[in-house]
Structures are given as structure tokens and as C-alpha cells.
Amino acid sequence: MNSVFNYKVEWSGIQNRMARMFNPKSGRSVMLAVDHGYFQGAPSGLINLRETIEPLLPYCDAISPTIGGLKTSIDSRTRTPVIIRATGGSSMRRAEELDDEIVTVSVEEMIRVNAVGFTASCFVGLKNQSKTIGNLTSLTNIAHRYGLVAIGITAVGSDPALTKFVKGESESGAELTAEDKKDAIKYLKHAARVLSEDGADIVKTYYTEGFEEVVEACLAPIVIAGGTKKPTKEALDFTYRAIKAGAVGVDMGRNIFQNEHPVAMIQAIGSIVHDGKTAEEALSLYNDLKGKKKQG
Ligand code: 5RP
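Residue numbering for the sequence shown follows numbering that gives the first Met the number 0, beginning at 0 and increasing consecutively.
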């Protein structure tokens with residue numbers, strides 16, 4: 000009944016955008032990250048971006064491309080929410096300067112392409128920490144005027160000390176020591192909390208053992224990146240552990256598009272994120288699906 004007393008509920012644009020990115024049943028999200036080219040050039044698995052993305056799009060809740068990737072390789076009739084990579088300016092040609100990032104996409108451009116939000120890499124603890132955190136905050140201050148979602152990424156650049164902790168890769172390839180693992184938690188807790196205190200609506204970080212502490216310390220919901228390509232079982236395992244530890248999803252790239260069977264892999268990841276499957280159940284789904292000829 001139309002009545003002057005049926006006041007409209009306060010409409011929230013950012014809530015509506017979050018609702019598009021996150022599955023209403025599970026409350027979680029499988030975001031496909033395909034923005035690596037902004038600093039890696041043409042990484043394997045993303046050489047033909049359109050070919051890589053097309054078969055995976057139906058299985059992700061959101062996609063994270065660069066602005067160039069979006070405009071050249073994703074059909075604008077897609078109903079999949081787009082999260083634009085909005086910082087960059089570095090490249091592997093000067094890997095030692097990966098933390099020297101600037102804002103590369105304006106909020107006006109995000110609105111023009113109808114993005115639901117953006118990602119900004121913040122190199123906490125590195126030389127350009129204040130500049131890159133400033134990229135996140137300057138974009139967030141404007142993006143929030145228009146209800147766009149701000150995702151801060153705890154990036155590690157090429158700092159070998161951080162890389163080994165955060166991505167579980169010791170330089171020698173040996174198992175990380177207990178000390179290494181403790182340092183990883185300490186760093187990730189610190190970095191994730193900093194980004195959430197600085198206004199990120201969602202923090203994207205890496206999984207490491209003891210991840211519960213990182214989730215607890217962060218004021219914002221967390222999604223995990225996958226990091227460098229791991230064996231399928233290992234990738235499903237850390238996805239399961241991250242979700243169990245409280246992550247609200249993944250914003251994952253290489254462990255999906257560089258997998259031998261990407262379409263099977265994204266569905267296996269989705270079974271963990273949305274259907275509560277264990278890593279073992281997801282692996283068996285992966286093995287069933289990879290056998291199907293039309294899968295990637
Ligand atoms: C670096 C990024 C990626 O989006 C992020 O690392 C997720 O990708 P992956 O799962 O491959 O690590 O911010 O480009």
C-alpha cells in the first residue's frame with residue numbers, strides 16, 4: 000500500500016555492490032584475478048586474455064581485470080561484477096621497484112565502466128608504504144562517495160624476506176622454519192590490520208598457517224590471493240584452510256588459470272568456498288570434471 004508512512008528503507012549502493020560480488024547463500028565470493036599483466040607483462044595463462052577468461056567467467060562471482068584487460072577481453076554485456084585494478088606503474092623490468100606504484104585508474108573511469116569496486120596494492124613495511132597506502136586511501140575517499148567497494152591488497156613486491164614468509168616460499172625452496180611461519184603471521188596480521196584501519200572494505204592477502212590470527216586482527220573481511228602456481232591438491236588445501244580460518248573467499252588467479260584444467264579448478268575452488276566441501280572432496284570433483292572433454 001503506498002502510504003506517506005511507508006518510508007523507503009535507506010538504499011545503500013555499496014551494499015548492493017557487495018551483494019552482487021558475494022553469493023547470498025554462502026556469503027562468500029570466488030573472484031577471478033586476471034590483472035597480473037599490469038606489472039608482469041604477459042604471464043603464462045594470460046597470453047590470450049579473452050580465451051582464458053571466457054570459459055571461467057560463468058564460475059566466478061566477480062572478476063578482477065586491469066582496465067585494459069576489461070576493455071579488450073571481456074564482453075561488456077557480462078553480468079559478472081567487475082573489480083578494477085586501480086594501481087600500478089611498476090613492471091618486472093625493474094623488479095626492485097615493484098612497490099613504487101601510483102594510481103592508474105580514476106574513480107570516474109571505474110564508474111564509466113560500471114565497476115563495482117577496485118583493488119589497490121599497498122606495500123606495508125617497504126620503502127613506498129606511505130605512497131601506496133595513500134593510493135588506497137585517496138581512491139577510497141572518492142570511491143565511497145559513489146558507493147564503490149575498496150579492496151586493499153597486502154602486496155609484498157620483490158622483497159625476498161617478505162616473499163618467502165608470505166607466500167610460503169623460502170629462497171632455497173626448503174620448508175619454512177617455525178620462525179619463518181611466525182614472522183609470516185606477524186607481518187600479515189600487521190599489514191592486513193593497517194589496510195583495514197585505513198578504510199579498505201575488503202583486504203586481499205595471502206594464506207599462511209595460523210591464518211585465524213590474521214582474520215581476527217583485521218577489521219575488514221578478508222579474501223585470499225593464491226600466489227604462485229601450486230600443485231592442485233596444495234591449492235585446494237590452502238583454500239580450504241583459509242575459508243575454515245574465516246576468509247570470505249578468494250581473489251585468485253594463477254592457481255586457477257595456470258592450472259592444467261582451469262575450468263575444473265575454478266569449480267573445485269567454488270565447491271570449497273560456497274558448498275563447504277573439504278579439500279579432498281574438491282579434489283575428487285576436480286578429477287571428475289577434468290575428465291569431461293568440454294572442460295578447460
Ligand atoms: C598481483 C595481484 C593479483 O590479483 C593477486 O596476486 C591474485 O592473483 P594470484 O592468485 O595469482 O596471486 O594483485 O597482480
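Every residue, glycine too, gets a C-beta built ideally from N, C-alpha and C.
The model shown is predicted, which means the values in this text are computed figures rather than measured ones.
Which residues in the same chain as residue i place their Cβ atom closer than 6 Å to its Cβ, once the five residues preceding and following it in sequence are excluded?
i, result
"residue 217", "191, 192, 195 and 202"
"residue 124", "none"
"residue 59", "29 and 31"
"residue 128", "122"
"residue 213", "187, 188 and 191"
By the 10 Å Cβ neighbour count, where 16 or more other Cβ atoms means buried, how is residue i classified, buried or exposed?
i, result
"residue 49", "exposed"
"residue 237", "buried"
"residue 266", "buried"
"residue 186", "buried"
"residue 12", "exposed"
"residue 4", "exposed"
"residue 296", "Limits of the chain in this structure are 0 at one end and 295 at the other, which puts residue 296 out of reach."
Please state the DSSP three-state secondary structure of residue i.
i, result
"residue 70", "helix"
"residue 12", "helix"
"residue 5", "coil"
"residue 76", "coil"
"residue 31", "strand"
"residue 148", "strand"
"residue 250", "strand"
"residue 243", "helix"
"residue 210", "helix"
"residue 46", "coil"
"residue 105", "coil"
Would the C-beta of residue i count as close to ligand 2, meaning under 6 Å from any of its heavy atoms?
i, result
"residue 251", "Questions concerning ligand 2 fall outside what the structure shown contains, since the ligands it does hold are ligand 1."
Counting along the chain, where does the alpha helix (DSSP H) carrying residue i start and finish?
i, result
"residue 184", "177-196"
"residue 270", "261-272"
Less than 8 Å between C-beta atoms, sequence neighbours within five positions excluded: which residues of the same chain meet that for residue i?
i, result
"residue 56", "31, 62, 73, 77 and 79"
"residue 102", "85, 86, 119, 134, 137 and 138"
"residue 20", "28, 30, 60, 61, 80, 82, 115, 116 and 148"
If I'm right that residue i touches residue j with Cβ under 8 Å, what's the distance once you round it to whole angstroms?
i, j, result
"residue 65", "residue 40", "That pair is no contact at about 12 Å."
"residue 250", "residue 224", "6 Å"
"residue 145", "residue 106", "7 Å"
Within 7 Å of any Cβ in chain B, is that where the Cβ of residue i sits?
i, result
"residue 46", "Protein chain content of the structure displayed is limited to a single chain, and chain B is not contained in it."
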